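A short worksheet on the structure shown next.
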Amino acid sequence: MYLVEPLADAVQWGDTPSSGAHSDEGPHAVYNYKHLRRKRSSCSHGNTTTFYDHGARLSGLFKLGSLLYRPVGVRVMLVGLDIWSYRDQVDVSNNPELTLNRFLEWRQRSLLPRIKHDNAQLITGVDFDGSTVGLANTDAMCTSKSGAVNEDHNTNSIGVASTIAHEMGHNLGLSHDTENCVCGSLTTKRGCIMSESVGIVYPEQFSSCSQQQLSRFLEEVNPACLLDTPSTNRVYGGPVCGNAFLEPGEECDCGTVEECKNPCCNATTCKLSAGAQCAAGECCHNCSVRASVLGTCVCRPKTGDCDLPEYCTGFSASCPADAYSQNGLPCNSGRGYCYNGQCPSQQQHCKRLWGPGKPRLLVSVPPLLFHQKLTQIAFSWALRQRCSVW
């Protein structure tokens, strides 16, 4: 079922505006009734002129979600917003598992070819069965299962934003918090984002357990898509001072006025403070660009036999591009040869595939089975529930 209502100040050709009546002609807004969080009346009533800006609310939710991730060193950049105004692209039902599977299939089939992205979150007004308000696959970031479904369960934006952050956390390898997990100060009485249920007070911090799990996921799984930083011209809504992304026309961007702690940057104007040469970068120190003195200022140290150190140039606050030794040079005491900055060896490759232990004969593995071993990924459900006691 859909709800149709006239837009505010809409005037049909030849008509004059009136305070209490609306023509059936002219521009109208179309809403899918099950996605609305506020009741609306029919076109014959006088209070139907309010146009609910879904785009503003949704972008606001992701802005809040990004703020929740900043303390743990993760930046969430919104690169697209797909609002289903006239019809759902998938069948959004009360069953969260079915809805998630359908949404991820649509993402793979339709959304990814149109908009390059790492993760997709569906927000719906459909009331999921039971106490579930969100569902996601675990350890799914940078895979075809990277996404989640979220119920728009509250008019309070931070409540829905925390649910989005929670489900995205499952994609990043985070599990539900246990009683041993610590979140912020004990005096704040704020819940943790990865708690299994959400109550009256909405969580605003990740627990110590979540931070450890996130570090382990990034190190062990090494989701490559997160290293591909999107260009700032892909940010949804265009450049905005205060989003912590350096964009065209800005000299710096340290976030909002409330969260900015950088004395080198004016958070209001996104310009450098008086007398400052820089505000961020490996070669920026005390608002000044580090000088290059006989190549002694290392901004990126050597990480292995096949890597090369990088030095500050004295002209830029950023470290030069990563450089490495020539491919083919022997490394690791002759056990391997350099390739794109790494020193791979047959033994290390076997350990990565099969784990430590006795060496295995790869030639004994049928090609098909070998392919399945490399590509098989198991996903488990992770859902969030409402608190049963209010």
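Mapping the sequence shown onto full-length UniProt numbering, position 233 (from 1) lands on 233, and the numbers just tick up by one. Where a beta carbon is used, it is the ideal one built from N, C-alpha and C, also for glycine. Please read all numbers here as calculations on a predicted model, not as lab measurements.
Pair within 8 Å by beta-carbon distance, residue i and residue j
i, j, result
"E97", "L122", "no"
"C312", "R290", "yes"
"P239", "G249", "yes"
"D129", "N154", "no"
"T124", "V149", "yes"
"A120", "R107", "yes"
"residue 395", "C278", "The first residue shown for the chain is 1 and the last is 390, placing residue 395 beyond what the model contains."
"A267", "G275", "no"
"S175", "Q213", "yes"
"T232", "L246", "yes"
"L81", "L64", "no"
"L68", "S157", "no"
"G60", "I83", "no"
Local Cβ density within 10 Å of residue i, reported as buried at 16 or more and exposed below that
i, result
"D127", "exposed"
"H166", "buried"
"K145", "buried"
"P203", "buried"
"N47", "With a pLDDT of only 36 at N47, under 50, the local geometry of the prediction cannot be trusted, and no value is derived from it."
"V201", "exposed"
"F103", "buried"
"F62", "buried"
"L369", "Because the pLDDT of L369 is 36, which lies under 50, any placement of that residue in the model is unreliable, and the number read from its coordinates should be weighed accordingly. The residue in question, L369, is exposed, as its Cβ has fewer than 16 Cβ neighbours within 10 Å."
"G237", "exposed"
"F315", "exposed"
"D253", "buried"
"G336", "buried"
"E310", "buried"
"Q347", "exposed"
"D177", "buried"
"L308", "exposed"
"S44", "Since pLDDT at S44 reaches only 35, below the 50 mark, its modelled position is unreliable, and the value read off the structure follows with that caveat. Label assigned to S44: exposed."
When the options are compared against residue i, the one with the closest alpha-carbon
i, options, result
"I115", "E310, D152, V79, Y337", "V79"
"G341", "N332, T268, N222, G304", "G304"
"E282", "W354, P320, L68, Q211", "P320"
"S93", "E151, Y86, G147, V74", "E151"
"L272", "S292, L81, E251", "E251"
"P223", "G147, R234, T143, E259", "T143"
"N327", "G147, E220, G334, Y339", "Y339"
"L329", "D322, C260, S345, P113", "S345"
"D322", "K302, V235, A56", "K302"
"E179", "Q205, C209, L172", "C209"
"E219", "S131, N137, L172, H54", "L172"
"V74", "S131, Q205, G60", "Q205"
"N137", "E259, N101, S288, R234", "N101"
Assumed close pair residue i, residue j - CB separation to whole angstroms, cut-off 8 Å
i, j, result
"C299", "C343", "Not quite, the Cβ-Cβ distance comes to about 23 Å (not below 8 Å), so this is no contact."
"V198", "V133", "7 Å"
"L226", "D118", "6 Å"
"S215", "C183", "Incorrect: roughly 16 Å between the Cβ atoms, too far for contact."
"G169", "M194", "5 Å"
"S66", "V76", "4 Å"
"R70", "A317", "About 21 Å separates the two Cβ atoms, so there is no contact after all."
is_contact[residue i, chain C] using C-beta, thresh 8 Å
i, result
"I158", "No chain C appears in the structure shown, which is made up of a single protein chain."
Contact test: residue i Cβ vs the ligand MN heavy atom, cutoff 7 Å
i, result
"Y311", "Questions concerning the ligand MN fall outside what the structure shown contains, since it holds no ligand whatsoever."
Subject >> 3 or more residues per run - each beta strand (DSSP E) lying fully within the UniProt domain "Disintegrin" (238 to 327) >> reply: 298 to 300
**OP:** Starting from the N-terminal side, write out each stretch of the alpha helix (DSSP H) that is 4 residues or longer and does not extend beyond the region 194 to 233.
**Re:** 208 to 220
**OP:** Could you pull out every unbroken alpha helix (DSSP H) segment of at least 4 residues lying fully inside the region 133 to 198, listed in chain order?
**Re:** 157 to 171
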